[in-house]
Structures are given as C-alpha cells and as structure tokens.
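451 is the number that the working numbering gives the last residue of the sequence shown; the numbers go up by one with no jumps. Report on one structure; see the data block that follows.
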Amino acid sequence: MIGIVGGGLAGLAAAYRLRNAGRDVRVFEAGAEPGGLAATYETAGDRIEAYYHHLSKSEETIVELADELGIGDRIEWRVGENAYYVDGVAHPLDTPWEIAAYPYLSVYDKFRLAMLTLGIDVRGGRPRRDTYDDIETFEDVPIKQFLLEHATRGVYEYFFEPLLDAKFGERKKEVSAAWLLGRIKFRGERDLLRGEILGYVDGGFATFTDALVDTVGQEHIQTGTAVTDLSGPDGGQRSEGGAVGGPVESLTVEPANGRSSAVETHDVDAVVVATMPDVLESLTGYRCEIDFQGSICALVTMDEPLLDTYWLNLADEAPFGALIEHTNFVPPERYGGEHLLYVASYVQGPDDALWARDDDEIETMWLDGIESLFPEFDRGAVTDVRIARNAKTAPVYERGYLDMVVPYDLADAGHPGVYYAGMASRAQYPERSLNGAVEAGYAAAARILDR
Ligand SMILES: Cc1cc2nc3c(=O)[nH]c(=O)nc-3n(C[C@H](O)[C@H](O)[C@H](O)COP(=O)(O)OP(=O)(O)OC[C@H]3O[C@@H](n4cnc5c(N)ncnc54)[C@H](O)[C@@H]3O)c2cc1C
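So this is what it looks like as structure tokens:
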C-alpha cells in the first residue's frame with residue numbers, strides 16, 4: 001500500500017494517478033474533510049471556499065483533470081474585474097479606456113507597464129521578446145531593482161509597491177523578480193476590451209474535490225487521521241532526528257482529535273507527503289528552509305453588494321490587504337441571493353499583530369475598516385461573518401528560492417521510499433495554486449511508478 005499524508009488537492013491528485021495505475025493507496029487526512037486549503041462553507045445555495053479561489057487561463061493540468069473526472073463542462077471562464085482603491089476612490093482597471101483614465105501613472109508609465117505585462121523588453125528603444133522567457137534568470141534580482149530597470153519608478157511606486165506591501169510587508173525586499181514575472185505570466189489571458197479572464201467551477205471547487213474523492217474511492221481516504229510517524233526496516237523512528245537509511249516500511253496514524261489510544265500502524269511500500277514542509281520535517285527530519293506566510297480571510301455574507309468589482313486592491317491605509325467580492329464574479333443567484341465578500345490579509349509570521357487578535361476583534365476591526373473606506377456601507381446588510389485562518393498558506397518566494405525547493409523523491413536525501421508533493425515542491429513555483437498542487441501530486445506519483 002502507498003500511504004499518502006494529506007488529503008488536499010496534491011494528495012488527492014497523487015492518489016488518483018496511483019489508483020489509475022492499479023496501485024493500492026490510502027490517503028490520511030488530519031482534517032474532518034478532504035480539500036485542505038480549498039475547503040468550503042455552506043451558503044444558501046452552492047458551497048463557497050473558505051479562502052477565495054479562481055483559476056487562471058494558463059493553468060491546463062487542472063482543466064485536463066476536470067475533463068478526465070467528467071466535470072470539464074463545469075469549468076466556467078468569466079471576466080474577473082479588477083480595481084485599485086487610491087485616495088478614497090476605487091478606480092476600475094479592466095478596459096483600455098479605464099486604464100487610460102487612471103490618474104496615478106503617466107502615459108509613459110502605462111506604456112512601460114503594458115510592455116512588461118506583454119513580456120516585451122523595450123529597454124534601449126529596441127523591443128525584445130525573449131528577455132523574460134526564462135524567469136529563473138531573475139531569481140536573484142530584487143523586485144524594486146528589476147522594476148526600476150525594466151519599467152519606471154512610477155510603475156514601482158504607484159502600482160506595484162502598495163501591492164507588495166499588502167502581500168509581503170517588510171519582506172517585500174526579499175522577494176525575487178522571478179516571482180513577479182511568474183505572476184505576470186501566470187495570470188495569463190485578458191479580453192482586451194473587458195479585462196482578465198478567470199475560471200471557476202460551477203458548484204465551487206467542492207465539485208472538483210468531490211469528483212476526485214469519488215474517483216479515488218471514499219474507502220481509500222481516512223479523514224480525521226493525522227500521520228505522526230514513519231518507520232524504517234529497523235523500526236527506527238524517523239521523526240526523531242532524521243534519516244534511518246533503509247526504505248520506509250510503515251506509518252503511524254492517530255486520530256487528529258488527540259484520542260491517541262487509537263494509534264494504528266500501517267505497512268507501506270512508499271509514502272507521499274502532501275503537506276507543508278514542517279510536517280515532512282517532523283516525519284523524516286528533512287529540513288526545508290523555505291519560509292511561509294499565513295492568511296486570515298473573512299467571508300462576509302451580505303443582503304446587498306458592496307463593490308462594483310471582483311477584486312479590489314488597496315493603495316490607501318486599511319486594516320486588510322484586499323477586498324474580493326465573489327458574487328461580482330459568480331452571480332449571487334448561485335448562493336440563494338447572498339452577496340459574498342472576502343476580506344483578506346496575509347500575516348508574515350506568529351509575531352504579526354493581526355495573528356494575535358481573536359476572530360471577534362478581527363471582525364470588528366475589518367467591518368470598521370470597510371466603513372471608513374466606503375461610508376455608504378450598511379453594517380445592517382451583513383448577515384454572517386466566517387473567519388478562516390492558517391499560519392502557513394503560501395511560500396515567501398525569496399531570492400534563491402529554487403535552491404530550497406523540496407525534491408519529489410527524497411531517496412537521495414537519505415529517505416528512500418518517501419516522496420514529496422506539498423507546497424514547497426517545484427510545481428508550486430513561481431506561485432502556489434490548485435493547478436500546481438495537482439502537478440505536484442502527479443510528479444510524486446510518476447516517480448513512484450517509475451521506480
Ligand atoms: C488565501 C488563499 C487564496 C488562494 N487562492 C488561490 C486561487 O485563487 N487559485 C488557486 O489555484 N490557488 C489558490 N490558493 C492556493 C491553493 O489553495 C493551494 O495551492 C492548494 O490548495 C494546495 O494544496 P495542497 O494539497 O498542496 O495543500 P493543502 O491544501 O494545505 O493540503 C494539505 C493537507 O494535509 C493535511 N495534513 C497536514 N498535516 C497532516 C498530517 N500529519 N497527517 C495527515 N494530514 C495532514 C492538512 O489538513 C491539509 O488538508 C489559495 C490559497 C489561499 C490560502
């Protein structure tokens with residue numbers, strides 16, 4: 001049997017590939033449901049993700065998987081409208097005339113930003129299309145330096161810097177230009193007259209997870225169960241100090257609710273760890289140097305809409321990083337007429353002051369913040385606020401990141417039989433995504449099948 005640690009998209013995708021190849025698998029998921037970071041809430045209609053999610057046009061593997069699962073026709077592509085809140089006004093930035101009317105960049109800044117977005121290097125007045133083909137060449141270049149050289153100071157200060165502040169805070173200086181270029185490429189396709197095209201699944205990503213779970217087989221997925229140990233041939237406890245040399249032979253699981261009396265041990269031929277790298281470290285001793293940031297995300301249910309856009313970035317001071325009105329992307333009729341707004345913020349670590357606040361404090365602070373940005377906001381229209389938080393939700397794509405990526409096959413690192421498909425894997429570079437999770441799961445499965 002192949003044991004899979006973690007029932008997020010990566011673990012489920014690995015299980016799917018291995019089952020298709022006729023292998024016996026068992027997914028162990030610590031949470032009550034599979035889905036991981038793509039877990040969902042109930043609404044008056046379709047389910048909705050606890051953290052905002054959409055697909056980009058450049059992501060093909062997950063679309064192919066949807067086709068294989070028989071739900072390809074349920075992926076919908078829509079315009080996801082964007083706006084930028086500056087000096088008390090939300091400026092839409094979707095159509096060419098909206099961009100032309102945006103007052104905070106000069107015509108030349110807009111030209112340089114447009115060229116960069118199209119992947120055209122116009123430095124020296126001689127357009128080149130190949131400069132950004134290999135984003136890895138920008139791995140060691142800080143974003144500010146890159147934008148000052150490849151765009152303009154205005155593009156950096158008035159467009160990207162507020163976004164970097166919201167996402168990385170002080171750590172923006174550590175993030176590589178490769179990440180930024182990856183983001184630009186990854187976000188992909190625009191309808192020139194209407195804006196960016198984004199994907200969503202009819203019924204939410206729960207449709208996707210459910211189809212994957214059904215195909216893998218419920219009986220192969222054990223929820224509420226945390227993997228706590230991997231052991232080698234001598235019964236050595238891998239979690240206590242790293243490699244024991246021989247191939248992994250068994251894994252130990254415990255109920256995630258802490259009733260440790262029900263500890264079980266399962267014999268395994270191989271193990272795929274499809275979790276954050278700290279779990280890999282606790283199971284094998286393999287240390288990954290990548291640093292992660294966390295997220296706090298409130299889903300606010302309202303009787304009426306707040307914004308005119310899907311995604312609102314903020315240049316002005318606000319107690320959150322972005323406002324994302326999901327029902328300006330997917331119609332509220334899908335949710336029994338409820339209007340659904342995400343209020344989101346990244347947290348840079350356990351010392352972040354926001355992390356220390358409890359959910360009630362965050363709710364009050366964030367609703368106050370919305371009120372000060374939008375004086376017409378009616379708090380009486382809010383019928384529910386649900387807050388999700390997780391201390392590790394995205395890698396910080398620092399300079400030199402690729403040297404820290406965890407290999408899919410850990411045999412050469414002294415852990416034969418252990419494979420990795422979590423967020424610190426190569427497929428989740430230069431930005432983590434559901435598509436990247438599927439690709440990571442596939443890559444780990446392929447290495448097992450190759451051996
Ligand atoms: C705020 C936010 C917004 C996002 N927006 C998008 C978006 O718009 N588009 C997009 O494509 N992606 C988006 N993502 C990223 C996407 O959610 C992730 O890339 C993807 O879900 C990662 O899947 P995974 O399986 O690698 O990890 P996870 O989903 O983290 O799954 C890991 C699983 O392992 C389980 N686990 C941990 N330890 C153990 C253990 N010891 N034993 C058993 N189980 C264990 C966990 O409970 C979890 O379910 C977003 C993420 C966040 C947080």
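Ideal Cβ placement from N, Cα and C applies to all residues, glycine included.
Within 8 Å, strictly: CB atoms of residue i and residue j
{"i": "alanine 298", "j": "isoleucine 387", "result": "yes"}
{"i": "alanine 315", "j": "tyrosine 84", "result": "yes"}
{"i": "serine 176", "j": "arginine 399", "result": "yes"}
{"i": "alanine 120", "j": "leucine 180", "result": "Looking at the sequence provided, one finds isoleucine at residue 120 rather than alanine. No."}
{"i": "tyrosine 335", "j": "alanine 50", "result": "no"}
{"i": "alanine 270", "j": "valine 253", "result": "no"}
{"i": "aspartate 303", "j": "histidine 339", "result": "yes"}
{"i": "glutamine 293", "j": "valine 141", "result": "no"}
{"i": "threonine 215", "j": "isoleucine 71", "result": "no"}
Spatial distance of residue i from residue j (CA atoms)
{"i": "glycine 337", "j": "leucine 37", "result": "25 Å"}
{"i": "arginine 102", "j": "glycine 321", "result": "The sequence given here has tyrosine at residue 102, not arginine. For tyrosine 102 and glycine 321, the distance between alpha carbons rounds to 21 Å."}
{"i": "leucine 12", "j": "leucine 402", "result": "25 Å"}
{"i": "aspartate 134", "j": "glutamate 161", "result": "24 Å"}
{"i": "leucine 18", "j": "proline 430", "result": "26 Å"}
{"i": "glutamate 219", "j": "leucine 55", "result": "29 Å"}
{"i": "phenylalanine 138", "j": "aspartate 94", "result": "28 Å"}
{"i": "alanine 444", "j": "glycine 182", "result": "23 Å"}
{"i": "arginine 112", "j": "arginine 190", "result": "17 Å"}
{"i": "glycine 63", "j": "leucine 212", "result": "Checking the sequence, you will find valine at residue 63 rather than glycine. So the alpha carbons of these two residues sit roughly 13 Å apart."}
{"i": "alanine 421", "j": "alanine 178", "result": "22 Å"}
{"i": "lysine 173", "j": "aspartate 24", "result": "46 Å"}
{"i": "phenylalanine 356", "j": "proline 350", "result": "First, the amino acid is wrong: residue 356 is alanine here, not phenylalanine. When rounded, the distance between both Cα atoms is 8 Å."}
{"i": "arginine 379", "j": "aspartate 412", "result": "57 Å"}
{"i": "isoleucine 448", "j": "leucine 283", "result": "19 Å"}
{"i": "glutamate 59", "j": "isoleucine 4", "result": "24 Å"}
{"i": "glutamate 33", "j": "tyrosine 132", "result": "41 Å"}
{"i": "leucine 341", "j": "isoleucine 362", "result": "15 Å"}
{"i": "arginine 287", "j": "aspartate 278", "result": "8 Å"}
{"i": "alanine 353", "j": "aspartate 360", "result": "15 Å"}
Proximity test, residue i beta-carbon vs ligand 1 heavy atom, cut-off 7 Å
{"i": "alanine 10", "result": "yes"}
{"i": "glycine 349", "result": "no"}
{"i": "histidine 54", "result": "yes"}
{"i": "phenylalanine 28", "result": "yes"}
{"i": "serine 433", "result": "yes"}
{"i": "glycine 3", "result": "no"}
{"i": "glycine 422", "result": "yes"}
{"i": "glycine 285", "result": "no"}
{"i": "threonine 309", "result": "no"}
{"i": "threonine 458", "result": "Since the first residue shown for the chain is 1 and the last is 451, residue 458 is missing from the structure and cannot be characterised."}
{"i": "tyrosine 51", "result": "yes"}
{"i": "valine 405", "result": "no"}
{"i": "glycine 199", "result": "no"}
{"i": "alanine 90", "result": "no"}
{"i": "leucine 367", "result": "no"}
{"i": "valine 469", "result": "Any question about residue 469 goes unanswered here, given that the chain covers just 1 to 451."}
Cβ-heavy atom distance, residue i to ligand 2, below 7 Å
{"i": "cysteine 297", "result": "No copy of ligand 2 appears in this structure; the ligands present are ligand 1."}
Using a Cβ distance threshold of 8 Å, determine whether the stretch 2 to 16 contacts the stretch 431 to 449, with at least three qualifying pairs required. Taking 8 Å as the limit for Cβ pairs, the verdict is that the stretch 431 to 449 does touch the stretch 2 to 16.
To test your reading of the DSSP string, which unbroken alpha helix (DSSP H) runs of 4 or more residues are found completely within the stretch 251 to 334? Runs of the alpha helix (DSSP H) inside the stretch 251 to 334: 277 to 284.
Report the start-end ranges of each beta strand (DSSP E) in the stretch 369 to 404 that is 3 residues or longer and not cut off at the edges. 382 to 395
The stretch 193 to 207 contacting the stretch 70 to 83, beta-carbon criterion three pairs below 8 Å: yes
Going along the chain, which unbroken runs of the beta strand (DSSP E) with 3 or more residues stay wholly within the stretch 32 to 106? The qualifying runs are 75 to 79, 82 to 86, 89 to 92.
Write down every uninterrupted run of the beta strand (DSSP E) in the stretch 168 to 220 whose length is 3 residues or greater and which is fully enclosed by it, in chain order. 195 to 201
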